[in-house]
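**Student:** Just passing along the structure, written as structure tokens.
2 protein chains.
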Amino acid sequence: MNTGAVAPLLTADVDGGAISLRRALPADLPAIVALLADDSLGAGREQSQDMTPYEQAFEAIDADPAHLLVVGELVSPGAETGQVIATFQLSFLPGLSRQGAWRSQLEAVRVAESLRGEGIGNLMVQWAIDESRRRGCTLMQLTTHKSRTSAHRFYEWLGFDASHEGMKLTL
Amino acid sequence: MNTGAVAPLLTADVDGGAISLRRALPADLPAIVALLADDSLGAGREQSQDMTPYEQAFEAIDADPAHLLVVGELVSPGAETGQVIATFQLSFLPGLSRQGAWRSQLEAVRVAESLRGEGIGNLMVQWAIDESRRRGCTLMQLTTHKSRTSAHRFYEWLGFDASHEGMKLTL
């Protein structure tokens with residue numbers, strides 16, 4: 001895999017090296033699924049025996065410019081390649097309300113547990129906010145499980161307002 | 172405008188006639204915007220002086236099969252044509268989480284105030300649930316403002332779980 005073909009979206013120094021955000025590639029899927037599964041809520045929802053459904057979902061995301069699947073790589077000092085330690089999906093959605101506003105939607109934000117609290121989530125969400133503005137969105141939205149109280153504080157600190165109930169129906 | 176070219180998605184008898192759901196057409200925009208504006212929260216967010224931003228948003232929605240903008244028409248007994256009295260947008264979004272689940276998202280659900288409580292919202296959301304299943308979605312989601320307590324009860328009655336905080340950031 002030649003990850004050099006994917007231009008970084010953002011590069012920043014953090015404790016332990018440098019973090020680089022870039023579009024996800026098919027070869028990143030095992031690492032992304034591991035991040036999704038390494039989570040109190042995700043543990044029971046993911047599996048790694050059969051990657052086919054993830055590969056199909058990746059193709060659908062990657063084929064549509066309305067969706068951007070991003071990974072964060074941590075590159076240790078002196079290392080040439082990095083390790084995928086974070087991910088998120090950002091989608092750009094048209095709608096009539098709010099005078100035909102485009103809105104961006106953040107989903108599946110994850111940072112490896114051992115690296116939380118070091119500002120990586122902040123770098124990612126700030127980049128997503130900037131990218132949403134660049135694409136002409138006037139509203140950004142996400143839902144976060146009510147049990148994730150530290151995530152609520154994080155998003156409120158970034159300016160998000162917990163104004164809505166986020167309702168889900170398993171089909 | 173020839174609305175006859177748009178096949179109904181659903182037709183059902185209600186008090187005062189029959190309701191028919193169909194894909195929205197450009198000529199429906201004034202009625203849809205009026206529904207969005209006739210709302211405690213929407214009143215300050217919409218305007219009808221310049222329809223250009225709504226027309227542009229309509230084109231973006233209509234050009235992408237991931238989005239379905241629907242209107243409900245009420246046809247009085249004996250009448251040939253109906254009046255747009257309800258609307259919603261349903262979007263189909265790919266993602267990696269939940270084993271690569273497709274999820275559907277319901278936005279901008281509105282029923283004319285004079286016709287609320289007559290089961291029209293129920294018909295619309297039930298149709299949206301069925302359509303989401305037909306398209307292979309395994310999760311459906313929406314956010315609803317915390318002040319809309321009767322909407323919360325309605326969605327919970329339909330089986331939705333208010334498990335998440337819905338967070339918004341104006342850009």
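Protein sequences appear in the order of chains A and B.
Residues in the first sequence are numbered from 1 upward in steps of one, following the working numbering.
Residues in the second sequence are numbered from 172 upward in steps of one, following the working numbering.
The beta carbon of each residue, even a glycine, is placed where N, CA and C say it ideally should be.
#1: Less than 8 Å separating the Cβ of F88/A from some heavy atom of the ligand MN?
#2: Note the first and the last residue of the continuous alpha helix (DSSP H) segment covering D130/A.
#3: Could you run through the region 251 to 271 of chain B and flag, in chain order, every residue whose CB is less than 9 Å away from some CB of chain A?
#4: My output table needs one value for F331/B: the three-state DSSP class, helix, strand or coil.
#5: So, does the CB of M1/A fall closer than 9 Å to a CB anywhere in chain B?
#6: Helix, strand or coil for T341/B per DSSP?
#7: Closest by CA to R281/B, which one among E230/B, V242/B and R274/B?
#8: Which runs of the beta strand (DSSP E) at least 3 residues long sit entirely within the region 242 to 277 of chain B? Give them in chain order.
#9: Once you ignore the five residues that flank T144/A on each side, which residues in its own chain have a CB closer than 8 Å to its CB?
#10: Check the Cβ of G159/A against every Cβ in chain B and list those closer than 8 Å, keeping chain order.
#11: Name the two residues that bound the continuous beta strand (DSSP E) containing L139/A.
#12: Please list, in chain order, all residues of the same chain as F92/A whose beta carbon is under 7 Å from its beta carbon, the five residues on each side excluded.
#13: By the DSSP assignment, the alpha helix (DSSP H) with L29/A in it spans what residues?
#14: Check the Cβ of V33/A against every Cβ in chain B and list those closer than 8 Å, keeping chain order.
#15: When the Cβ atoms of the region 18 to 35 of chain A are set against those of the region 116 to 125 of chain A, are three or more pairs found closer than 8 Å?
#16: So L313/B and L277/B are in contact, right, with Cβ under 8 Å, and what is the actual spacing, rounded?
#17: Near L212/B, what residues of its chain come up, given a Cβ to Cβ distance below 7 Å and the 5 sequence neighbours on each side ignored?
#18: When DSSP labels each residue in this structure, what does E336/B get in the three-state scheme?
#19: Can you pull the DSSP bridge partners for L196/B?
#20: I'd like to know if W343/B contacts chain A, where contact means its C-beta is closer than 9 Å to some C-beta of that chain.
#21: So the candidates are A79/A, T81/A, A86/A and G82/A; which of them puts its Cα closest to the Cα of L36/A?
#22: Using beta carbons (cut-off 9 Å, strictly below), is E107/A in contact with chain B?
#23: With H, G and I counted as helix, E and B as strand and the rest as coil, what does DSSP make of D184/B?
#24: According to a CB-to-CB cut-off of less than 7 Å, which residues of the region 308 to 324 of chain B neighbour chain A?
#25: Which ranges would you report for the beta strand (DSSP E) in the region 47 to 72 of chain A if only whole runs of at least 3 residues count?
#26: Are there 16 or more other CB atoms within 10 angstroms of the CB of A128/A, so buried, or fewer, so exposed?
#27: So which residues on chain A does I232/B lean against when the C-beta distance must stay under 8 Å?
#28: Check R150/A in the structure and name its three-state DSSP category.
#29: Under 9 Å between beta-carbons, which chain A residues line up against G345/B? List them in chain order, please.
#30: Relative to chain A, which residues along the region 207 to 221 of chain B have a C-beta separation below 8 Å, given in chain order?
#31: Leaving out five residues before and five after V33/A in sequence, what residues of the same chain have Cβ atoms less than 8 Å from its Cβ?
**Tutor:** With the structure as the only source:
#1: Of ligands this structure carries none, so the ligand MN is not represented either.
#2: For D130/A, the enclosing alpha helix (DSSP H) starts and ends at I120 to R134.
#3: Residues of the region 251 to 271 of chain B with a Cβ closer than 9 Å to any Cβ of chain A, in chain order: T258, Q260, S262, L264, P265, G266, L267, S268, R269, Q270 and G271.
#4: Here F331/B sits in coil by DSSP.
#5: Reliability of the predicted coordinates at M1/A is poor, the pLDDT of 46 falling under 50, and no value is obtained from them.
#6: Here T341/B sits in strand by DSSP.
#7: The shortest C-alpha to C-alpha distance from R281/B to any of E230/B, V242/B and R274/B is the one to V242/B.
#8: Taken in chain order, the whole beta strand (DSSP E) runs of length 3 or more contained in the region 242 to 277 of chain B are 254 to 264.
#9: Within the same chain, T144/A has close Cβ partners A151, H152, Y155 and G166.
#10: L340, listed in chain order.
#11: First-last of the beta strand (DSSP E) with L139/A: C137 to H145.
#12: Hits under 7 Å: A66, W102, S104, R135 and C137.
#13: Per DSSP, L29/A belongs to the alpha helix (DSSP H) from L29 to A37.
#14: In chain order: L267.
#15: The way I'd put it, the region 18 to 35 of chain A does touch the region 116 to 125 of chain A; three or more beta-carbon pairs between them come closer than 8 Å.
#16: Cβ atoms of L313/B and L277/B come within 8 Å of each other, at about 4 Å.
#17: Cβ neighbours of L212/B beyond the five flanking positions: H316.
#18: In this structure, E336/B counts as strand in the three-state DSSP scheme.
#19: Residue pairing for L196/B: DSSP places it in no beta bridge.
#20: Residue 343/B falls outside the range modelled here, since chain B spans only 172 to 342, and no answer is possible.
#21: Checking every option, the nearest Cα to that of L36/A belongs to A86/A.
#22: Yes, its Cβ sits closer than 9 Å to a Cβ of chain B.
#23: The DSSP-derived three-state label of D184/B is strand.
#24: The region 308 to 324 of chain B vs chain A, Cβ under 7 Å: C308, T309, L310, M311, Q312, L313, T314, T315, H316, K317 and H323.
#25: Here no run is fully enclosed.
#26: A128/A should be labelled buried.
#27: Per Cβ cutoff of 8 Å: P94, G95 and L96.
#28: Reading the sequence as shown, one finds Ser at residue 150/A and not Arg. In this structure, DSSP gives S150/A a helical state, which the three-state scheme calls helix.
#29: Residue 345/B lies beyond the range of chain B shown here (172 to 342); nothing can be said about it.
#30: Those residues of the region 207 to 221 of chain B that come within reach of chain A (Cβ to Cβ, closer than 8 Å) are L207, G213, R216, E217 and Q218.
#31: E46, S48, M51 and Y54.
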